[in-house]
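Trainee: One structure is given below, represented as structure tokens, and several questions about it will come after.
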Amino acid sequence: MSDSLRKEALVRPKVLVSRKVFDEALTLLGKHFEVESNQRDVPFTPVQLVKKLQGKSGAIVLLTDIVDDRLLAQCPELKVVCNVAVGYNNVDVKAATRRGVMVCNTPGVLDDTTADFTWTLLLAAARRIVESDKFFRAGKWKGWGLMQFTGYDVHHKTLGIVGFGRIGKGVARRAKGFDMRAIYTDVQRADEATEREYGVMYVDKRTLLRESDFVSLHIPLFPETRHYL
213 MSDSLRKEAL VRPKVLVSRK VFDEALTLLG KHFEVESNQR DVPFTPVQLV
263 KKLQGKSGAI VLLTDIVDDR LLAQCPELKV VCNVAVGYNN VDVKAATRRG
313 VMVCNTPGVL DDTTADFTWT LLLAAARRIV ESDKFFRAGK WKGWGLMQFT
363 GYDVHHKTLG IVGFGRIGKG VARRAKGFDM RAIYTDVQRA DEATEREYGV
413 MYVDKRTLLR ESDFVSLHIP LFPETRHYL
């Protein structure tokens, strides 16, 4: 190997991490790249982000960062954008593709975590947890009452799942523990074996909204899904 090639091989690509991430991630990145990280965890303005990306080959961004054609045009050395999220509506993928910039996301990492949190929200809404917590903290609680913050039962109710992907399936699996009737709608119906495995029934959107006691959305944000409800 010539001296020039050897020198080139020793030069590590520069990467910007736009928001605070776990120390373990920075350690791993530091083994392969020259890393600049925004550990203040305050989002960069669009102007600041462009400035920080000068001379960078890669960017690890979050949903708070807008990576559009205007930004890409001002960062000619950028080769890859890694979005720390499953969704990527903050990145103009078509513009990146035209400019030869690879775009990555992180599917599958938080499927079960998100399904768990879905049930946190569902149960909190059904049992009026947030409302009653505010009531108590405001000093309004005077003692037990039979009908105070009664809420709604979850068991034996109908759960409507919009979007039957990895997270939607996880939510359906958990619904079995509450003996719920689970129905779903999606752009493509699952096969019969999958429906039997998760105990769900396919219906159209109108039927789902009419028959569900609870509705849980698990669809990506695209122009055609904006204002879905």
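In our numbering, the protein residues as written are 213 to 441. Built from N, CA and C at the ideal position, the CB exists for glycine as well.
To the nearest angstrom, how far is the alpha carbon of Leu421 from that of Tyr440?
Mentor: Spanning the two alpha carbons is a distance of roughly 12 Å.
Trainee: So the alpha helix (DSSP H) Glu404 belongs to, where does it begin and stop?
Mentor: Note, Glu404: alpha helix (DSSP H), Glu404 to Tyr410.
Trainee: What are the start and end residues of the alpha helix (DSSP H) that includes Glu343?
Mentor: Ile341 to Arg349 is the span of the alpha helix (DSSP H), which, as asked, contains Glu343.
Trainee: So which of Gln260, Ser428, Glu409 and Gly299 has the shortest CA-CA distance to Leu275?
Mentor: When each option's Cα is compared against that of Leu275, the closest is Gly299.
Trainee: For His367, which residues from the same chain have a beta carbon less than 6 Å from its beta carbon, with the 5 sequence-adjacent residues on both sides left out?
Mentor: Correct list, in chain order: Phe390 and Asp391.
Trainee: Comparing alpha-carbon positions, which option in Asp365, Asn317 and Ala285 lies nearest Phe426?
Mentor: Of the candidates Asp365, Asn317 and Ala285, the one whose C-alpha sits nearest the C-alpha of Phe426 is Asp365.
Trainee: Find the nearest neighbour of Thr330 within the set Lys369, Lys381 and Ala285, judged by alpha-carbon distance.
Mentor: Closest option to Thr330, Cα to Cα, is Lys381.
Trainee: Assuming the contact rule is C-beta atoms closer than 8 Å, Leu228 and Lys264 should be a hit. Round their C-beta distance to whole Å, please.
Mentor: Their Cβ separation, rounded to whole angstroms, is 5 Å, which keeps Leu228 and Lys264 in contact under 8 Å.
Trainee: Can you pull the DSSP bridge partners for Ile278?
Mentor: The partner list for Ile278 (beta bridge, DSSP) is empty, contrary to what the question assumes.
Trainee: Hey, which unbroken runs of the alpha helix (DSSP H) at 4 residues or more fall wholly within the region 220–308?
Mentor: You should have 235–242, 258–264 and 281–285.
Trainee: Given Ile395, which residues of its chain have a CB within under 6 Å of its CB, disregarding the five upstream and five downstream residues?
Mentor: Answer for Ile395: Gly372, Met413, Val415 and Leu420, listed in chain order.
Trainee: So Gly312 and Glu289 are supposed to be a Cβ contact under 8 Å. How far apart are they, rounded?
Mentor: Contact doesn't hold; Cβ gap of about 11 Å is too wide.
Trainee: The alpha helix (DSSP H) with Arg451 in it runs from where to where?
Mentor: Here the chain covers residues 213 to 441 and nothing more, so residue 451 does not appear.
Trainee: Using only the alpha-carbon positions, how far apart do Thr406 and Lys417 sit?
Mentor: Computed Cα separation, rounded: 20 Å.
Trainee: Give the DSSP-derived three-state secondary structure of Leu181 in the structure shown.
Mentor: With the chain represented from 213 up to 441, any question about residue 181 goes unanswered, as that position is not in the structure.
Trainee: Tell me the DSSP secondary structure of Thr326 in three-state form.
Mentor: Residue state, collapsed to three classes: helix.
Trainee: Contact check, Arg339 vs Gly363 under 8 Å by CB: the rounded distance?
Mentor: Correct: roughly 4 Å between the Cβ atoms.
Trainee: What does the Cβ neighbour count give for His244, buried or exposed, with the cut at 16 atoms within 10 Å?
Mentor: So His244 counts as exposed.
Trainee: So the candidates are Ala308, Lys232, Thr318 and Ala402; which of them puts its Cα closest to the Cα of Val254?
Mentor: Comparing Cα-Cα distances from Val254 to each of Ala308, Lys232, Thr318 and Ala402, the minimum goes to Lys232.
Trainee: Using CA coordinates, which residue listed in Glu423, Ile272 and Asp324 is at the minimum distance from Gln251?
Mentor: Checked all of Glu423, Ile272 and Asp324; the closest Cα to Gln251 is Ile272.
Trainee: Please return the same chain residues whose Cβ sits closer than 8 Å to the Cβ of Glu436, not counting the five positions on each side in sequence.
Mentor: Contacts found: none.
Trainee: Considering Cα atoms alone, identify which of Gly377, Asp277 and Phe347 is closest to Tyr410.
Mentor: When each option's Cα is compared against that of Tyr410, the closest is Gly377.
Trainee: What does the Cβ neighbour count give for Phe256, buried or exposed, with the cut at 16 atoms within 10 Å?
Mentor: Classification of Phe256: buried, given that the 10 Å Cβ count is 16 or more.
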